[in-house]
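Numbering (my numbering), first residue to last: 5 to 146.
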């Protein structure tokens, strides 16, 4: 986007150079109108680029804050547990759910028999105690 934008800025300079070499008043007037239109357009494009960059920055900041809050909630909250396929973690989740309905967060599982069994066990436990499940990026093969 920068190279075409730089060309637009050069058009204004080119028109100004042509205007300086022109003797005809009508042509100078027409060139001045073109220079002003190009300048207005370039300013408009420049403002749009600035707004786009600010929006992208805001989106990135919001996404970063969200991810940090999600990670923080996984590790600090007694009501959210991060689950893996290990049976120790699964037992821990069951005991936590038994004492207090929770949200179970499962991040990044692939479909090996061990992981699928753990996920099904976690689902049964959360269903039994009317808790919530959150599964992120669980992949099945075959």
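Idealized CB from N, CA, C, for every residue including glycine.
Keep in mind the model is a prediction, meaning the values are calculated, not measured.
Practice task
Return the chain-ordered ranges of every alpha helix (DSSP H) run that is complete within the stretch 6–82 and spans a minimum of 4 residues.
Solution key: 6–25 and 29–80
Problem - Backbone CA spacing between residue 10 and residue 36 [nearest angstrom] - result: 20 angstroms
Practice task
Kindly indicate which residue of 19, 46, 44 and 71 has the alpha-carbon position closest to the one of residue 34.
Solution key: 19
Practice task
Measure the C-alpha to C-alpha separation of residue 66 and residue 16 and round it to an integer number of angstroms.
Solution key: Cα-Cα distance, rounded: 38 angstroms.
Practice task
Give the straight-line distance between the Cα atoms of residue 123 and residue 62, rounded to the nearest whole angstrom.
Solution key: 36 angstroms
Practice task
Could you tell me how far apart the beta carbons of residue 12 and residue 49 are, in whole angstroms, since I believe they sit closer than 8 angstroms?
Solution key: 7 angstroms
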